[in-house]
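Structure first, commentary second.
Protein chains: 2
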Amino acid sequence: MRKKPTQQRARILVDSLIDAAGEVVARDGLEALTTVRVAARAGVSVGSLYQYFDNKNTLVAALMDRVNGDLIAAVNRVAPQNIGTDPQAFARALLEAAFEVFEARQGLARELMRHWHRLDIARGLHRFEQHMLDLLRGYALAQLREHPVDPSPARAFILINSVVFTLLRYLSQPTPPLFTREQLIDELAAMAARLITAPR
Amino acid sequence: MRKKPTQQRARILVDSLIDAAGEVVARDGLEALTTVRVAARAGVSVGSLYQYFDNKNTLVAALMDRVNGDLIAAVNRVAPQNIGTDPQAFARALLEAAFEVFEARQGLARELMRHWHRLDIARGLHRFEQHMLDLLRGYALAQLREHPVDPSPARAFILINSVVFTLLRYLSQPTPPLFTREQLIDELAAMAARLITAPR
DNA sequence: CCCTATTGCGAATGTTTATTCGCATTCAAT
DNA sequence: ATTGAATGCGAATAAACATTCGCAATAGGG
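From first to last, the protein sequence lines stand for chains A and B.
The numbering of the first sequence is the working numbering, which starts it at 675 and goes up by one.
The numbering of the second sequence is the working numbering, which starts it at 675 and goes up by one.
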């Protein structure tokens, strides 16, 4: 951020720019995100955008940060309530939460995640991955006796990426899918549970 | 393709354009693929490119077709030899084959697959998905007695996407990974086997 | 009320690229 | 050898955007 907003109106402006960016991405995709359009949608001028963001990527990064925050918040909300349940139920709860965030705001999170290879987005995904690893470790610790679980980096990596990208693909299908959302979640939860409880 | 090449030299030109496109993508990524650069690398002019491709996307689609063909060929080469083995060995063989293709040509297939959401690439991925579903059905049929397997669309979808995208992510990591390639393949093969043999 | 830092503006600039088109060259059939 | 079709050329065109910059408006402390 080139300059940090000190006045109230400036802070509002920055917020509304991020909001507008989210709206544009949700409606027409990340490719359609242009600085002029974002500014217009926020009801300000391009020049003002560059007052607070070094360049377009910084804006995208800020948007990603926000969406990532939503994702982590959603997961954090359900995890504590389910830390005492068996692995499949635990996985299911997290999955439902993630699913909801991916569908919220016309699929904003989904559209952003699609572009995980972009530098400004990759950081967010990595942070989310890290957070999920921590969560998994917490669960493993809580369930040491009842449901011994292996939170090795390899398994956590596989788990997170398998789930996230399968969800992404499912939600991005243009044609009506061959199976229901329920089926997908069931199978994914079962797979996750088997993965983390499988013997070494 | 605007016009189909009838003369020998034209067919060679088309081929060398696709080759060049692959080289550019492998070296500098899909973003760096410009028509002028491809033409230059192929030793021809942009005009000639447009003689045989309607637009840039058609060229990308042609490249994707070729890479997709490689992928399917690689899988077809190992599948018959392993159709009699247990699910984990079968999965492992296919995985190794896919891994190799993803690493070949400086990661050309990987770079293309990263952009699965692009229309010109999505078709290829979908065709590959379809092919893997067929393969899985063939395996299920061959192993009816020995290793009963469920090739339901939902499971096949999860299987393919989990494996492909986890591989992609693993191979795209900038930092040295926290676990070895062997570990990854082992875990993925085990996961795949558990997924398709799990009871309904 | 005054003054200066902050904020806001948006037309203009510069770059990057896909795509075209009129002309030149080569092929291959007769 | 002739000729029409196929091929090849690459400078020119046009559209899309990110980013800048000189100027205008506003805030809020003194």
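All C-beta atoms, glycine included, are put in the ideal place defined by N, C-alpha and C.
Since the model is a prediction, treat every value here as computed from it, not as a measurement.
query = Rounded C-beta distance between residue 766 of chain B and residue 859 of chain B? I'm assuming under 8 Å.
reply = 7 Å
request  = Less than 8 Å between the CB atoms is what I'm expecting for residue 741 of chain B and residue 783 of chain B, so what's the real figure, rounded?
outcome  = 5 Å
key: Segment contact, 8 Å Cβ cut-off, at least three pairs: the region 715-725 of chain A with the region 759-776 of chain A   = no
query = In whole angstroms, what is the alpha-carbon distance linking residue 727 of chain A and residue 716 of chain A?
reply = 14 Å
query = How long is the line joining the alpha carbons of residue 744 of chain B and residue 775 of chain B, rounded to whole angstroms?
reply = 7 Å
query = How should residue 840 of chain B be labelled, buried or exposed, when 16 other C-beta atoms within 10 angstroms of its C-beta is the threshold for buried?
reply = buried
query = Taking the C-alpha atoms as reference points, what is the distance between residue 873 of chain B and residue 825 of chain B?
reply = 12 Å
ask   = Any idea what DSSP makes of residue 867 of chain A, helix, strand or coil?
value = helix
inquiry  = Residues of chain B with CB closer than 9 Å to the CB of residue 858 of chain A, please, in chain order.
reply    = 828, 831 and 832
Three-state secondary structure (DSSP) of residue 847 of chain A = coil
ask   = Shorter than 8 Å from the beta carbon of residue 727 of chain B to some beta carbon of chain A?
value = no
key: Contact belief for residue 748 of chain B with residue 713 of chain B at Cβ below 8 Å, rounded distance in angstroms   = Actually they are not in contact, since the Cβ atoms of residue 748 of chain B and residue 713 of chain B sit about 30 Å apart, beyond 8 Å.
Rounded C-alpha distance that separates residue 690 of chain A from residue 730 of chain A = 15 Å
request  = Compute the Euclidean distance between the alpha carbons of residue 684 of chain A and residue 692 of chain A, then round it to the nearest angstrom.
outcome  = 13 Å
Residue 802 of chain B - containing alpha helix (DSSP H), residue span = 793-816
query = How is the alpha helix (DSSP H) around residue 703 of chain A delimited, first residue to last?
reply = Per DSSP, residue 703 of chain A belongs to no alpha helix (DSSP H) and is neither H nor E.
task = Can you grab the Cα-Cα spacing for the pair residue 779 of chain A / residue 700 of chain A, in whole Å?
result = 7 Å
request  = On a CA-only basis, which of A/711, A/785, A/818 and A/795 is nearest residue 792 of chain B? Give me that one, please.
outcome  = A/785
ask   = Sorry if obvious, but does the Cβ on residue 817 of chain B come closer than 7 Å to a heavy atom of the ligand GDP?
value = Absent from the structure shown: the ligand GDP. Ligands present: none.
key: C-beta contact flag for residue 802 of chain A and residue 746 of chain A at 8 Å   = yes
message = Is the separation between the beta-carbon of residue 769 of chain B and that of residue 863 of chain B shorter than 8 Å?
response = yes
request  = Under 8 Å Cβ to Cβ from residue 703 of chain A, same chain only, skipping five residues before and after it: list those, please.
outcome  = 785
inquiry  = With a threshold of 8 Å between beta-carbons, can residue 814 of chain B be considered close to chain A, or not?
reply    = no
message = Helix, strand or coil, according to DSSP, for residue 873 of chain A in the structure here?
response = coil
query = Which runs of the alpha helix (DSSP H) fall wholly inside the region 687-761 of chain A and span at least 4 residues, in chain order?
reply = 709-716, 720-726 and 730-756
inquiry  = Between the alpha carbons of residue 816 of chain A and residue 756 of chain A, how many angstroms are there, rounded?
reply    = 11 Å
inquiry  = Please classify residue 706 of chain A as buried or exposed, where buried requires at least 16 neighbouring CB atoms within 10 angstroms.
reply    = exposed
ask   = Excluding sequence positions up to five away, which residues of its chain have a Cβ less than 6 Å from the Cβ of residue 809 of chain B?
value = 753
inquiry  = Could you compute how far the alpha carbon of residue 781 of chain B sits from the alpha carbon of residue 708 of chain B?
reply    = 19 Å
query = Could you check where the alpha helix (DSSP H) with residue 820 of chain A kicks off and where it finishes?
reply = No alpha helix (DSSP H) contains residue 820 of chain A, which DSSP labels as neither H nor E.
query = Is residue 778 of chain A helix, strand or coil by DSSP?
reply = coil
query = Exposed or buried, which one is residue 834 of chain B when buried takes at least 16 other CB atoms within 10 Å?
reply = buried
request  = Would you kindly work out how many angstroms separate the C-alpha atoms of residue 813 of chain B and residue 806 of chain B, rounded to a whole number?
outcome  = 10 Å
inquiry  = What are the residues in the region 785-800 of chain B lying within 7 Å of chain A by C-beta distance?
reply    = 788 and 791
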